[in-house]
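Novice:
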Amino acid sequence: MTIHRINPTARWSDITVFKGIAHFVEVPECEQTDINSQVQAIFRQAEASLAQISSHKGRILSVTIYLTDFALLDAMNRLWDAWFDAGTAPSRACVKAQLADPHYLLEMAFVAAAGDDFSK
Amino acid sequence: MTIHRINPTARWSDITVFKGIAHFVEVPECEQTDINSQVQAIFRQAEASLAQISSHKGRILSVTIYLTDFALLDAMNRLWDAWFDAGTAPSRACVKAQLADPHYLLEMAFVAAAGDDFSK
Amino acid sequence: MTIHRINPTARWSDITVFKGIAHFVEVPECEQTDINSQVQAIFRQAEASLAQISSHKGRILSVTIYLTDFALLDAMNRLWDAWFDAGTAPSRACVKAQLADPHYLLEMAFVAAAGDDFSK
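Residue numbers (this note's numbering), protein chains in the order written: chain U, 1131 to 1250; chain H, 1131 to 1250; chain G, 1131 to 1250.
#1: Between Y1196(H) and chain U, is there a C-beta pair that is closer than 7 Å?
#2: For E1159(H) and A1176(H), I'd like the C-alpha separation in whole angstroms.
#3: Assuming the contact rule is C-beta atoms closer than 8 Å, I1145(G) and I1136(G) should be a hit. Round their C-beta distance to whole Å, please.
#4: Report the residue from C1224(H), L1197(H) and W1213(H) whose alpha carbon sits nearest the alpha carbon of H1233(H).
#5: Please identify the residue among I1183(H), K1187(H) and D1164(H) whose C-alpha is closest to the C-alpha of F1173(H).
#6: Using the C-alpha atoms, what's the distance from V1147(H) back to R1132(H)?
#7: When we look at the beta-carbon of Q1162(U) and count the other beta-carbons within 10 Å, is it buried (16 or more) or exposed?
#8: Which residues does DSSP pair with E1156(G) in a beta bridge?
#9: If you draw a straight line from the C-alpha of E1156(H) to the C-alpha of M1238(H), how long is it?
#10: Can the beta-carbon of I1165(G) be found closer than 7 Å to that of L1235(G)?
#11: Since A1152(U) meets chain H, which of its residues come closer than 7 Å, beta carbon to beta carbon?
#12: Tell me, which residues are paired with S1143(H) by DSSP?
#13: Under 9 Å between beta-carbons, which chain U residues line up against M1131(H)? List them in chain order, please.
#14: Determine the DSSP secondary structure at K1250(G), reduced to helix, strand or coil.
#15: Which residues in the same chain as I1190(U) place their Cβ atom closer than 7 Å to its Cβ, once the five residues preceding and following it in sequence are excluded?
#16: Would you tell me roughly how many angstroms separate the C-alpha atoms of G1245(H) and A1140(U), rounded to the nearest one?
#17: Any beta carbon from chain U within less than 7 Å of V1193(H)'s own beta carbon?
#18: Under a Cβ-count criterion, where at least 16 other Cβ atoms within 10 Å of its own Cβ denotes burial, should K1149(G) be classed as buried or exposed?
#19: What does a CB cutoff of less than 6 Å around A1227(U) pick up in its chain, not counting 5 residues either side in sequence?
#20: With a CB to CB cut of under 6 Å and the five nearest residues on each side skipped, what residues in its chain are close to D1247(U)?
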């Protein structure tokens, strides 16, 4: 059974897929330092990642949210709740953690179902 | 291949299952603030979650334990070791993390094998 | 479908495998307290773990790195980048976390593809 890797570098692959199950991690690739911009950036990036494996945000299985400050939780939750279509929210853990880049307010680790062409 | 979601809300699903592999997260749904009560609550909840996917505690694959204070580790381990039947303990990581609700002493993120009727 | 468990104790199994997907966690089993020794210990242990499930470091899907101090990140990354053969790096999250044993500088949680004999 093939392991699919999207954009492998020396340090990480943007996405790995095995048996139709994808792992990918997003940090906010944006200049803005406010929580709304960073959450929206992560969601945009996640949608782009999912598109690369013939999937979409309705097929996310699990998200681990690393948040640097729980004062940001309400703002994140507002965008989060609006992002998912009814009935498609994943299992989720949310914990406080410091991240490698002090610019990042949060990081999200996703497990998702890839499209059928990635199930082989 | 179907994604099964148990009790999806706008924010999360209690459990997701894809290809027979389940993800779910438990925080202590109890009023008590001592570690023993909270660990027991999480175990009760995990057993109830597993029952909903035709599974049981002998089919847990991985647990990530987020503990707010390592002074609680010994108490948690005593209950943990007693909970698993011989030969069924999962892979486990245990790290210190602050949680969203200051009432919570710990949170556990589970990966488990669902029952056969959830493998399709 | 069988759950394979390698070295199950009362507290954890060294590795669990279900449907060809393995979960295992490594902390540095060495006396040394410097980051280079501890990272190398984890990599040696991960290679030994993977060998037990007919797999190898080219089949790692996801790693969650819990690092106790980001001052250690560059040293870890140098060894990390050298460890993976070109095109085989996994998805990866790296967050700061305190660990149960103050001797440990880092802990890594792996998801990997097991060998074909563990896919049943």
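Just so it is clear, CB atoms sit at the ideal spot from N, CA and C, and this is done for glycine as well. None of these values were measured; they are calculated from a predicted model.
Specialist: To lay it out plainly:
#1: True, the Cβ-Cβ gap to chain U drops below 7 Å.
#2: Approximately 11 Å, taken between the alpha carbons.
#3: Confirmed, about 4 Å.
#4: Of the candidates C1224(H), L1197(H) and W1213(H), the one whose C-alpha sits nearest the C-alpha of H1233(H) is L1197(H).
#5: Per the Cα distances, K1187(H).
#6: Checking the sequence, you will find Thr at residue 1132(H) rather than Arg. Rounded to whole angstroms, T1132(H) and V1147(H) show a C-alpha spacing of 8 Å.
#7: So Q1162(U) counts as exposed.
#8: According to DSSP, which records beta bridges pairwise, E1156(G) is partnered with M1238(G).
#9: Each residue's Cα considered, the two are about 5 Å apart.
#10: Yes, the Cβ-Cβ distance between I1165(G) and L1235(G) is below 7 Å.
#11: Ordered by position in chain H, no residue passes the 7 Å Cβ test against A1152(U), which lies about 10 Å from the chain.
#12: Paired residues: P1138(H).
#13: Chain U residues near M1131(H): G1150, A1243, D1246 and S1249.
#14: Under the three-state reduction of DSSP output, K1250(G) falls in the coil class, being neither helix nor strand.
#15: So the qualifying residues of the chain are P1220, F1240 and A1242.
#16: Their backbone Cα atoms lie some 38 Å apart in a straight line.
#17: V1193(H) does not count as touching chain U.
#18: Answer is buried; the Cβ neighbour count reaches 16.
#19: Excluding residues within five positions, the ones whose Cβ falls inside 6 Å are Y1196.
#20: The answer, listed in chain order, is S1184.
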